[in-house]
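Numbering (this note's numbering), first residue to last: 1160 to 1285.
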């Protein structure tokens, strides 16, 4: 295998080389089959382009390179995790309100009669 040479390996087969080499792995799709769904193509690609990629700086890659072999993966993981946490906290008031409503439907609390005192002798405690 010469540098710059391409080899197609069928699914389920192995490629064995005489010595260790740096290779690029490409997943080839079948003819007529979409590589990604419309949601994945537009939504996920848009989120990555507008929120993750602008923060992919050399400084961050250097930081992740000192910690791991795969700095780009962990960079994406960190930003995805951060986005998930922010989304959860942003929706927390709505979730809390919905849970409160469901709780009131499931466990109905008896309504108190405001006009009747709770004490049997009709006097306020002193």
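Just so you know, even glycine gets a beta-carbon here, dropped at the ideal spot from N, CA and C. Predicted model only: the values in this text are computed from it and were never measured.
Under the DSSP assignment, residue 1187 falls outside any alpha helix (DSSP H); it carries neither an H nor an E label. Residue 1266 sits in coil when the DSSP states are folded into three classes, being neither helix nor strand. Distance between residue 1177 and residue 1163, taken at the CA atoms: about 16 Å. For residue 1234 against residue 1220, the beta-carbon gap comes to about 7 Å, under 8 Å, which counts as contact. Counting along the chain, residue 1221 sits inside the alpha helix (DSSP H) bounded by residues 1217 to 1226. Rounded to the nearest angstrom, the Cβ distance from residue 1174 to residue 1168 is 5 Å, consistent with a contact under 8 Å. For residue 1251 and residue 1245, the gap between their C-alpha atoms comes out near 10 Å. For the 9 Å CB-CB criterion, residue 1237 and residue 1223 form a contact.
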